[in-house]
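Visitor: Reminder that position 273 of the sequence shown reads as 285 in the working numbering, one-by-one numbering, no gaps.
Got a structure for you, questions after.
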Amino acid sequence: MASVEFSLIPFLAWLVSLLAVPAIILLGKKPDAREGITFLAAIVKFGFVLLMLPLVREGKILHFSFSEIIEGIPIEFRVDGLGILFAIVASSLWILTSLYALGYMRSLKEHDQTRFFACFALSLSATIGVAFAGNLLTLYIFYEILSLSTYPLVTHHGDKEARSGGRTYLSHLLGTSVAFVLPAMIYCYWKKGGDINFTDGSLLTTDIGSGAGLIVLLAFTFGFAKNGLMPFHSWLPNAMVAPTPVSALLHAVAVVKVGVFCVIRVFTGVFGIDLLEKLDIAVVVSWIAAFTVITSSLIALSQDNLKRRLAFSTIGQLSYIILGVSLLLPLGVTGSILHVAMHAFGKITLFFCAGAIYVAMHKKYVSELVGIGRKMPITMTAFAIGSLSVIGLPVTGGLVSKWYLVMGTAQSDQIALLVVFLISSILNACYFLPIVYRAFFCRPEESLYEGGRQEAPLACLIPLCITALLSVISFFNPGLFIELAGLISNK
Numbered sequence: 013m014a015s016v017e018f019s020l021i022p023f024l025a026w027l028v029s030l031l032a033v034p035a036i037i038l039l040g041k042k043p044d045a046r047e048g049i050t051f052l053a054a055i056v057k058f059g060f061v062l063l064m065l066p067l068v069r070e071g072k073i074l075h076f077s078f079s080e081i082i083e084g085i086p087i088e089f090r091v092d093g094l095g096i097l098f099a100i101v102a103s104s105l106w107i108l109t110s111l112y113a114l115g116y117m118r119s120l121k122e123h124d125q126t127r128f129f130a131c132f133a134l135s136l137s138a139t140i141g142v143a144f145a146g147n148l149l150t151l152y153i154f155y156e157i158l159s160l161s162t163y164p165l166v167t168h169h170g171d172k173e174a175r176s177g178g179r180t181y182l183s184h185l186l187g188t189s190v191a192f193v194l195p196a197m198i199y200c201y202w203k204k205g206g207d208i209n210f211t212d213g214s215l216l217t218t219d220i221g222s223g224a225g226l227i228v229l230l231a232f233t234f235g236f237a238k239n240g241l242m243p244f245h246s247w248l249p250n251a252m253v254a255p256t257p258v259s260a261l262l263h264a265v266a267v268v269k270v271g272v273f274c275v276i277r278v279f280t281g282v283f284g285i286d287l288l289e290k291l292d293i294a295v296v297v298s299w300i301a302a303f304t305v306i307t308s309s310l311i312a313l314s315q316d317n318l319k320r321r322l323a324f325s326t327i328g329q330l331s332y333i334i335l336g337v338s339l340l341l342p343l344g345v346t347g348s349i350l351h352v353a354m355h356a357f358g359k360i361t362l363f364f365c366a367g368a369i370y371v372a373m374h375k376k377y378v379s380e381l382v383g384i385g386r387k388m389p390i391t392m393t394a395f396a397i398g399s400l401s402v403i404g405l406p407v408t409g410g411l412v413s414k415w416y417l418v419m420g421t422a423q424s425d426q427i428a429l430l431v432v433f434l435i436s437s438i439l440n441a442c443y444f445l446p447i448v449y450r451a452f453f454c455r456p457e458e459s460l461y462e463g464g465r466q467e468a469p470l471a472c473l474i475p476l477c478i479t480a481l482l483s484v485i486s487f488f489n490p491g492l493f494i495e496l497a498g499l500i501s502n503k
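Dropping the structure here:
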C-alpha cells in the first residue's frame, strides 16, 4: 500500500504554465520576451515534475487539494506512477514543441502568435491538471478546460476550413463528455455515497451488475472522446487544419494522450481490475478498440495528405492503448502505459518532420515527397526513425511497448486480438515505409527535387532530431517508464 504524503509541488507544477498566460499576453508586442516566458515556464514546469519523481519511485503518492467546489469534493491533485509518467512526457515535450513552434510560426510569419503561445501554455496547465487529478471531478474539469483552450489553436488560420474543423472538434469533444462522462460521474457519486476520489481500489462497489457496469464503462470510454475511438473519432483528422505545432500538441503531448490517460484511469481507478474481471465486461471495449485499430489503419493507407495519414495512424495507436488496458493483465496494462510515452516520442517526431517539410519546401502530400530525402536528409532520417517507432521495430521505443502489448494479448489467450496487433503492425509498415523508401531510394529520374540540401530552420530541425533520439534512447533504456508503469499495473 503506497503512503500518501502532502506536497505543494503538484500545485506549483500545474500553476506555473497558468501564470505564464497573462505574462505572454502582456508581452505580446515583444516577441523575444514573450517566447522567453514560454520557455521559462516550460522549463520550470519540467523541473517541478522531476522534483516529484524520486518520491513517486519510493512508492509515495503526493497529495494536494484546494477550492472545495462541491461539499466534500475539492479540486484535488494526487500524483502516482501513471500521473508522473504522463507529466514527464507532456512537460518535457512542451519545451521542444515550444522551440519548434518558434521556428515554424516565425518562418511562415503566422498571425496571432501571442494568442497561439498563450493558448499553448493554458493547454499544458490543463494537461497537468488531468495528469495529477485526484478525483473524477478534477479530471472532468481539466478535461473540459483542455478542450476549450485548444479550440483557438485548431481554428488558428480563421478560414472556412479551420472554422469547420473547429466546430467538429469542439462539438465532438464537449458533446460526448457532457452526454456520457457527466452522467457516468454522477452515477459514481451516487453509488459511492458522495466519494469520487481515486484510491488504490475501486470507486464502484461490487454490488453493481454487469449490465449497469457495461453502460458506465462505455459511457466513460466513449465520453472521453479525445481517445479517438470510433465512431467518435472524426474530430481528430478534421483538426489537421491547425498549424503543425498544434497537430504535434494534439497528437503527442496533450489532447489525445489525455483521452487514453482518462480511459486508463477509469479502468484502474474507477472500476479497478478486480471488479472488471468479476463483471467480465472489458472484452466489449477490447473489440471496439480492435475494430478501430484495423479500420483506421486501412483508412490511413488511402490518405495522400501527410498530416491526415498521421492523424489516422494516431487513431489506431490510441486504440492499442485502450485494447491493452482492457486485457486486464499486468503485461497489457504495462504495455498501454508504456505506449503513452513511446508513441508520443515517435508521433511527435513525425509531425515535426511534416511541419519542417512544409516550412522548407511547402509540400504537404505524400505523393510530393519522392526524392525529398536527398533534399532534406536530416528531416527524413528523423522521419524514418519516427516511422520505425510507430510500427514497433528496432531500435526504437515503440518495439518495447508493443512487445508488452503483444505478450499481454498472448497471455490472455485472445488469439484473434493478437492477430489484430500483427495485422495492424503490417499496415503501419505499409503506410510509412514506402514514404521513407521513395524519399531516399527512388531512381534519379523519378525524383521531384534537384539542387543542394534545403532543411528547415534550426528551431524546427533541433526538436525533431531530439525527439527521434528519444525514440532510440527509450529502446535501449526504457527502465524508468517500465518502473512507473509497474506501480499501476502490478497492484
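We treat Cβ as the ideally placed atom computed from N, Cα and C, and that holds for glycine.
Just so it is clear, the structure is predicted and the values come from calculations on it, not from any experiment.
Helix, strand or coil, according to DSSP, for Ala394 in the structure here?
Guide: Ala394 falls in the helix class under three-state DSSP.
Visitor: Could you give the residue range of the beta strand (DSSP E) that holds His123?
Guide: His123 -> no beta strand (DSSP E), and no H or E assigned at all.
Visitor: Given that a residue counts as buried once 16 or more other Cβ atoms are within 10 Å of its Cβ, and exposed if not, what is Tyr201?
Guide: Tyr201 is buried by the Cβ-count criterion.
Visitor: Using beta-carbon positions only, say whether Ile285 and Leu340 come within less than 8 Å of one another.
Guide: In contact: Ile285 and Leu340 (Cβ atoms closer than 8 Å).
Visitor: Taking only the alpha-carbon atoms, compute the straight-line gap between Cys472 and Val101 and give it to the nearest angstrom.
Guide: Taking the straight line joining both Cα atoms gives about 19 Å.
Visitor: Which partner residues does Ser77 have in the DSSP bridge list?
Guide: Its beta-bridge partners are Glu88.
Visitor: I'd like to check one pair, Gly336 with Leu417: are the Cβ atoms closer than 8 Å?
Guide: Taking 8 Å as the Cβ cut-off, Leu417 and Gly336 qualify as a contacting pair.
Visitor: For Ile82, list the residues DSSP reports as bridge partners.
Guide: Answer is Ile85.
Visitor: Is it buried or exposed, Ile293, if we count other Cβ atoms within 10 angstroms and call 16 or more buried?
Guide: So Ile293 counts as buried.
Visitor: Among Leu261, Met117, Trp247, Leu439, which one has its Cα closest to the Cα of Ile107?
Guide: Checking every option, the nearest Cα to that of Ile107 belongs to Leu261.
Visitor: When the distance is taken between beta carbons, is Pro255 closer than 8 Å to Glu467?
Guide: Not closer than 8 Å, so no.
Visitor: Using only the alpha-carbon positions, how far apart do Val278 and Ala312 sit?
Guide: When rounded, the distance between both Cα atoms is 29 Å.
Visitor: Contact check, Val253 vs His169 under 8 Å by CB: the rounded distance?
Guide: Contact holds; Cβ gap of about 7 Å.
Visitor: Is the number of C-beta pairs between the stretch 180-200 and the stretch 72-82 that are closer than 8 Å three or more?
Guide: Output reads no: the stretch 72-82 does not touch the stretch 180-200.
Visitor: Below 8 Å CB to CB, which residues in the same chain sit around Ser437 once its five sequence neighbours on both sides are set aside?
Guide: So the qualifying residues of the chain are Ile403, Gly404, Lys414.
Visitor: Taking the alpha helix (DSSP H) that Ser424 falls in, what are its first and last residues?
Guide: From DSSP, Ser424 is part of no alpha helix (DSSP H); its letter is neither H nor E.
Visitor: Look at the alpha carbon of Glu457 and the alpha carbon of Gly141, and state the distance between them as a whole number of angstroms.
Guide: Distance between the alpha carbons of Glu457 and Gly141 is about 53 Å.
Visitor: Taking the alpha carbon of Gly178 as the reference point, which residue from Leu288, Pro164, Ala422, Ala32 has its own alpha carbon closest?
Guide: Here the closest residue by C-alpha is Pro164.
Visitor: State the Cα-Cα distance for the pair Pro249 and Val371, rounded to the nearest angstrom.
Guide: Going from the Cα of Pro249 to the Cα of Val371 covers about 21 Å.
Visitor: Hey, out of Thr361, Ile360, Tyr332, whose CA is closest to Ser348's CA?
Guide: Checked all of Thr361, Ile360, Tyr332; the closest Cα to Ser348 is Tyr332.
Visitor: The beta strand (DSSP E) with Ser15 in it runs from where to where?
Guide: From DSSP, the beta strand (DSSP E) with Ser15 extends over 15-18.
Visitor: Quick check on DSSP: helix, strand or coil for Asn209?
Guide: Residue state, collapsed to three classes: strand.
Visitor: Spell out the partners DSSP gives Tyr377 in its beta bridges.
Guide: Answer is Asn317.
Visitor: Shortest alpha-carbon distance to Ser135 belongs to which of Ser189, Val33, Ala368?
Guide: Residue Val33 is the option with its Cα nearest to Ser135.
Visitor: Among Ala480, Ile37, Asp124, which one has its Cα closest to the Cα of Pro406?
Guide: The option with the nearest alpha carbon to Pro406 is Ala480.
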